[in-house]
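All remarks here apply to the structure that follows.
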Amino acid sequence: MKQIRNFCIVAHIDHGKSTLADRILEITGAVSARNMTKQVLDDMDLEQERGITIKLHAIQMEYKAIDGQQYTLNLIDTPGHVDFTYEVSRSLAACEGAVLVVDATQGVEAQTIANLYLAIDAGLEIIPFINKIDLPSAKTMIDTVKRQVVDLLGCKEEEILLGSAKSGVGTHEVIEAIVKRVPAPKGDPESPLRALIFDSVFDEFRGAVAYIRVFDGSLREKDHVKFFSNGKIFQAEDVGILEMQRNRVGALFAGDVGYLIANVKDVHDTKVGDTITHADRPAAEPLPGYKEAKPMVFSGVYPSNSDAFGELREALEKLRLNDSSLTFEPESSLALGFGFRCGFLGLLHMEIVRERLEREYNQSLINTVPNVEYRVTKTNGEVTLVDNPAFMPAEVLIEKVEEPYIKGQIIAPTEYIGSIMKLCMDRRGVHKNTTYLTPERADIHYELPLAEIIFDFYDKLKSISRGYASFDYDFLDYRESDLVKLDILLNLEPVDALSTIVHRSKSYDWGRKMCSKLRELIPRQMFEVAIQAAIGSKVISRETLSAIRKNVLAKCYGGDISRKRKLLEKQKEGKKRMKQVGRVEIPQEAFLAVLSMED
Amino acid sequence: MASLYLHIPFCEHKCIYCDFYSIAPSDGLARSELPTGRFLEALKKEIELRSTTGSAGVSYETVFFGGGTPSLLSSQELGAILGHLAAKYSIESNAEITVETNPGTVNRQKLQEFRSLGINRLSIGVQSFHDDDLQFLTRIHSSQTAKCCVREAYDSGFENVSIDLIFSLPSQTRDRWISNLDQAMELQPTHISCYSLIVEANTPLFRMVESKQVSLLDADTDAELYELTISYLTGHGYEQYEVSNFAKPGFKSRHNKSYWDHTDYVGFGPSAHSFSIRSQHAEGPERSWNVANLSDYCSKLEKGQLPVIGMEHLTIDQLIEEEIFLGLRSEGIDLSSFRTKFGKDLMMEHELRVRDLLETSLAVVEKGRLRLTSKGYPLCDEICASFLS
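Below, the structure written as structure tokens:
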């Protein structure tokens, strides 16, 4: 056990985490330079394109250190986005050390800090590594970045490693530091088994594969294991370590990182953060820190073509096998027909799911405007959770409505503080405090309603700070707010899929913008269309879409007829993609109108 | 019932908005160098070739010379073509025989000769009675020539004279368009075709619009002029029997109607289309079209081959689509014959849509036909699309 080092790499997007991982794999010979398509840890197409790691993986390496001894290194990868804070914390919990990568040209970012704090909370030894020192712009920045790191970690400047993962400079030193500074795992090999699930994936042939870190005891094939969270018992079929492929070694011991296959049909039984123990000799307590992954953002997902409902269900079911954070339940909308209310960890997660449904499962989809889950207390004392604005009870029946708040952290150059504060105020944020990482760099803390950041907060933040601000958040609590349901009516018929829940103070503005955006997006029809926004029975805004007056091809003789028919067929295809409410045809883009509303 | 169409691919000048196939002296040839002789030979050959397939027992009710500018041909040349046709096809004695005629290409004598060949209908390309409009459109004639042409047509014994007008020209006002219609009324044509200016791809006008040299009227003004046209002409005793066509009682173009009624037509000449609903082809009614290139056209026929370059066989669904949009564009869909042909009840199948159209007076059911009203015609394509989706 004392020759084992379990570590992870913590970094902001694009600061070079994956590149450093690649170098480490190369140096330890886990993968040859020749076989390496870049960044092996990110193996989904989507991840490579977005340059972010979505699913966690781990890899074991053998390394002979300068001290002449042989070490086993386990690199556990962590997802790099705010939506996945809990998953990150579980990966960190499986390690004793973390390499903190900071881009020499960018400095410390919100995400770096958020993940770093998680690592510090988990009691990890931190090895700071300033990357990209060979870039020309690094020269002027490097001392500032060093100072930031020293301030942040309270470490000595000599403890900071410098290098370039891309060219390999300084990466050997990183591995040596891991061996020297990261403590060996502690744990009792004789105690009852306790193994932490830090990730799980679905294998078409083997079912759920749990990626685990053994803390106490040992795990062998044929053992009967029990999952703490649900008490279910399975027999271990295949136990091994994680190299480039799974390597079946038959047993794992305290300190080891590896996998378990136990004929588990569903990844929902191998929950991230859960503890595995033996059925016949169970541990008294699970490992700390387990939480149910809870969806925070909800959206209606409908097939563009209403006949494709069954297909969409199949696609979602398949996707869920691999993504235990995705939830979905059938729902129906007058405007959109049959579809699903899906729950996501956050906006990025929502986008990933949508893209995977479209690309991997070939689905053509309509998404409704995303929303959060509201806690509604009715006048009769009944408390319900509302994840679809259409189901918000009538105002007279509501005692109070609570909405989720988050703790947001923004790190940005000081010159942007003013506009960032304005943005946060516009989003109903409550300022907590601002500290300065350096004289030029502020660390701003706000409490914000989650609903206010799921639209375009991040894009806005990026644009007002010219891309320099970074953002991280974590769920805080539910708070009472003066929220109202805003309905959209087309020719007096409410369009359920366009209902939103907004703060009363913003409802007029919101209604006006919605109406004017819809007027742009809905094509003129054969009759006039009144577009109204209403709260309850009170209309607060109205736009009129005038009727189309002429649409006819002037000439249609012998040679024109085929051409004309083809034109109409095209038009017909266009209409098929429209949804009909009453007599009004609505294009699909309209259902996401809110996302493209201008201020 | 069936029709014959002949495409005469010559023009004195190519107008900026026109995308029909023709060649003109400005394309690098002197007028005397246009290969008229070669074309006429090829056309004769095509008439012979086509007559051997499927024309037996069919009698032809209309003949239409279009183009191009068929009136550029001499009366002898036109007479020869009619002779070839008569030798190979059974043309009814009261057939409607039309020649598209451009002002400035004919005189009284030539018109008299046309009349004596049995040609009984002229379709005169007036386009506008304003000289600056005509200049914009790069027509070769003046307003005066146009008026003169129409009067001479009557004087030469024609009783059925149609004129073409174009509206929604750039910067055209309501008053100017009314003045065009007023001047048309003075000439008392039996038939008027009024087209809203279409900007066809691959025309000089298209490029002028693209490069913002010319700006078109906005959609609402175009709609207004069209609505005005309908009410003006129907108020002056013309019946609208198609989106752009208006006729005095008894003067609807039988040839036009043959297209819209889905009857057979045989087209000769480059770019001409043919259609056979009775086609014996297993895949359904056949529509085919000739190559739109004069020298390819001639070469093919010189080798004894038909100059057909494309064809399609309509599926039953396509046929239904065409029946619907051709019907709605013109005098309506005959509901009982629709049921007989396709075994479907249009009114039942589109119950809500039809009820909507009737309630909003965009359509009426009249003499067993579902037809658009003058309020419905401007929305014809919108209505058709709603039927097809």
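Chains A and B supply the protein sequences, listed in that same order. Per my numbering, the very first residue in the first sequence carries number 225; after that it's consecutive. Per my numbering, the very first residue in the second sequence carries number 8; after that it's consecutive. C-beta: ideal position from N, C-alpha, C; glycine also.
Q: Please say whether residue 234/A and residue 309/A have beta carbons closer to each other than 9 Å?
A: By one-based count along the first sequence, residue 309/A stands at place 85. By one-based count along the first sequence, residue 234/A stands at place 10. Cβ atoms of residue 309/A and residue 234/A: not closer than 9 Å.
(Q) Would residue 225/A and residue 413/A qualify as a contact pair, given that the criterion is a beta-carbon distance under 9 Å? (A) As a first step, residue 225/A is located in the first sequence; it is residue number 1 there, counting from the start. As a first step, residue 413/A is located in the first sequence; it is residue number 189 there, counting from the start. The answer is yes: Cβ separation under 9 Å.
Q.
Residues of the stretch 230-259 of chain B in Cβ contact with chain A at a cutoff of 7 Å, in chain order, please.
A. Per Cβ criterion, the list reads 230, 233, 250 and 251.
Q. Taking 9 Å as the CB-CB cut-off, is residue 274/B touching chain A?
A. Locating residue 274/B in the second sequence gives position 267, counting from the first residue. True, the Cβ-Cβ gap to chain A drops below 9 Å.
Q: Quick one: residues in its chain with C-beta nearer than 6 Å to the C-beta of residue 331/B, no 5 flanking neighbours on either side, listed in chain order?
A: As a working mapping, residue 331/B is identified with position 324 in the second sequence. Cβ within range, chain order: 394.
Q: Below 7 Å CB to CB, which residues in the same chain sit around residue 329/A once its five sequence neighbours on both sides are set aside?
A: Taking the first sequence and counting its residues from 1, one reaches residue 329/A at position 105. For residue 329/A, where only same-chain residues beyond five positions count, the Cβ hits under 7 Å are 356, 359, 361, 362 and 365.
Q: With DSSP collapsed to three states, give me the class of residue 260/B.
A: Along the second sequence, one-based indexing puts residue 260/B at 253. Coil at residue 260/B, not helix or strand.
Q.
Between the alpha carbons of residue 25/B and residue 182/B, how many angstroms are there, rounded?
A. Reading the second sequence from its first residue, position 18 is the one you call residue 25/B. Reading the second sequence from its first residue, position 175 is the one you call residue 182/B. Between the alpha carbons of residue 25/B and residue 182/B lies a distance of about 25 Å.
**Q.** Residues, ordered as in the chain, of the stretch 11-35 of chain B that lie near chain A by beta-carbon distance below 7 Å
**A.** Listed by position, the residues of the stretch 11-35 of chain B near chain A (Cβ gap below 7 Å) are 12.
Q) What does a CB cutoff of less than 6 Å around residue 780/A pick up in its chain, not counting 5 residues either side in sequence? A) Residue mapping note: residue 780/A aligns to position 556 of the first sequence, counting from 1. Non-local beta-carbon contacts of residue 780/A in its own chain, meaning distances under 6 Å to residues more than five positions away in sequence, involve 788 in chain order.
Q: Please check if any C-beta of chain B sits within less than 9 Å of the C-beta of residue 776/A.
A: The count along the first sequence starts at 1 and reaches residue 776/A at position 552. So yes, residue 776/A belongs to the interface.
**Q.** Under 7 Å from the C-beta of residue 219/A: neighbouring residues of chain B
**A.** Any question about residue 219/A goes unanswered here, given that chain A covers just 225 to 823.
Q: Report the residue ranges of all beta strand (DSSP E) runs contained in full by the stretch 295-379 of chain A; include only those spanning at least 3 residues, in chain order.
A: List check, beta strand (DSSP E) in window: 321-327 and 349-355.
Q | Candidates 280/B, 197/B and 260/B, of which the one nearest residue 74/B by Cα | A | Along the second sequence, read from residue 1 onward, the residue named residue 74/B stands at position 67. Ranked by Cα distance from residue 74/B, the options 280/B, 197/B and 260/B are led by 280/B.
Q: Establish whether the CB of residue 807/A and some CB of chain B are separated by less than 9 Å.
A: As a first step, residue 807/A must be located in the first sequence, where it is residue number 583. Yes, its Cβ sits closer than 9 Å to a Cβ of chain B.
Q.
The alpha helix (DSSP H) that contains residue 801/A, what's its start and end?
A. For the purposes of this step, residue 801/A is taken as residue 577 along the first sequence, with counting starting at 1. No alpha helix (DSSP H) holds residue 801/A; DSSP gives it neither H nor E.
**Q.** Identity of the residue in 319/A, 761/A, 698/A and 719/A nearest residue 482/A by Cα
**A.** As a working mapping, residue 482/A is identified with position 258 in the first sequence. With distances taken between Cα atoms, residue 482/A lies closest to 319/A.
Q: Would you kindly check if the distance between the Cβ of residue 67/B and the Cβ of residue 275/B is under 9 Å?
A: On the second sequence, position 268 is the one that residue 275/B refers to. On the second sequence, position 60 is the one that residue 67/B refers to. No, the pair does not count as a contact, with Cβ atoms beyond the cut-off.
Q | residue 700/A: first and last residue of the uninterrupted beta strand (DSSP E) it sits in | A | Within the first sequence, numbered from 1, the residue matching residue 700/A stands at position 476. 694-705 is the extent of the beta strand (DSSP E) around residue 700/A.
Q.
Since residue 175/B and residue 232/B should fall inside the 8 Å C-beta cutoff, what is the C-beta to C-beta distance between them, to a whole number of angstroms?
A. Locating residue 175/B in the second sequence gives position 168, counting from the first residue. Locating residue 232/B in the second sequence gives position 225, counting from the first residue. The Cβ separation is near 6 Å, so the contact holds.
Q: With residue 232/A as the anchor, note down where its beta strand (DSSP E) starts and where it stops.
A: The sequence position of residue 232/A within the first sequence is 8, counting from 1. Start and end: 228-235.
Q. Is it true that the stretch 524-543 of chain A meets the stretch 488-504 of chain A, where meeting means three or more beta-carbon pairs spaced less than 8 Å apart?
A. With a cut-off of 8 Å, the stretch 488-504 of chain A and the stretch 524-543 of chain A do not count as touching, because too few Cβ pairs lie within range.
Q) Would you say residue 743/A reaches chain B, if we count a Cβ-Cβ gap shorter than 9 Å as a contact? A) Position 519 of the first sequence, counted from the first residue, corresponds to residue 743/A. By this cut-off, residue 743/A is not an interface position.
Q. Using a Cβ-Cβ distance under 9 Å, would residue 203/B count as near chain A?
A. Numbered from its first residue, the second sequence carries residue 203/B at position 196. Contact of residue 203/B with chain A is assigned, a C-beta pair being separated by under 9 Å.
(Q) Quick check on DSSP: helix, strand or coil for residue 251/A? (A) Walking along the first sequence from the start, residue 251/A turns up at place 27. Secondary structure of residue 251/A (DSSP, three-state): helix.
Q) Listed from N- to C-terminal order along the chain, which residues in the stretch 757-790 of chain A have their beta-carbon within a distance smaller than 8 Å of any beta-carbon of chain B? A) Within the stretch 757-790 of chain A, the residues whose Cβ lies closer than 8 Å to some Cβ of chain B are 772, 773, 774, 775, 776, 777, 778, 779, 780, 781, 782, 783, 785, 786, 788 and 789, listed in chain order.
Q | Expected contact under 8 Å - CB spacing of residue 447/A and residue 432/A to nearest Å | A | On the first sequence, residue 447/A is found 223 positions in, with the first residue counted as 1. On the first sequence, residue 432/A is found 208 positions in, with the first residue counted as 1. Actually they are not in contact, since the Cβ atoms of residue 447/A and residue 432/A sit about 17 Å apart, beyond 8 Å.
(Q) Given this structure, state the Cα-to-Cα distance separating residue 536/A from residue 173/B, to the nearest angstrom. (A) Translated into the one-based positions of the first sequence, residue 536/A becomes position 312. Translated into the one-based positions of the second sequence, residue 173/B becomes position 166. Residue 536/A and residue 173/B: Cα-Cα distance of roughly 51 Å.
Q. Taking residue 662/A as the reference, which of 369/A, 595/A and 243/A has the closest Cα?
A. Counting from 1 along the first sequence, the entry for residue 662/A is found at position 438. Answer by Cα proximity: 369/A.
(Q) Following a CB-centred definition, is residue 622/A positioned closer than 8 Å to any heavy atom of the ligand PLP? (A) Absence of the ligand PLP is noted for the structure shown, with no ligands found whatsoever.
Q) Which residues of chain B have a Cβ atom closer than 8 Å to the Cβ of residue 792/A, listed in chain order? A) As a position in the first sequence, residue 792/A is number 568, starting the count at 1. Going along chain B in sequence order, the residues near residue 792/A (Cβ under 8 Å) are 328, 332, 388, 391, 392 and 395.
Q: Just list the beta strand (DSSP E) runs in the stretch 554-585 of chain A, keeping only unbroken ones of 3 residues or longer that don't cross its boundaries, in chain order.
A: The qualifying runs are 561-568.
Q) Mind checking residue 646/A: buried by the 16 CB within 10 Å criterion, or exposed? A) For this step, residue 646/A is matched to residue 422 along the first sequence. Exposed: under 16 other Cβ atoms inside 10 Å.
Q) By a C-beta neighbour count over all protein chains shown, 10 Å radius and 16 as the cutoff for buried, is residue 351/B buried or exposed? A) Numbered from its first residue, the second sequence carries residue 351/B at position 344. Counting the other Cβ atoms within 10 Å of the Cβ of residue 351/B gives fewer than 16, which makes it exposed.
Q | CB of residue 740/A within 9 Å of CB of residue 717/A, strictly | A | If you number the first sequence from 1, residue 740/A lands on position 516. If you number the first sequence from 1, residue 717/A lands on position 493. No, these two residues do not count as a Cβ contact at 9 Å.
Q: In angstroms with no decimal places, state the Cα-to-Cα distance between residue 279/A and residue 547/A.
A: Position 55 of the first sequence holds residue 279/A. Position 323 of the first sequence holds residue 547/A. Any reading at residue 279/A is ruled out, since the residue's pLDDT is 43, under 50, leaving its predicted position unreliable.
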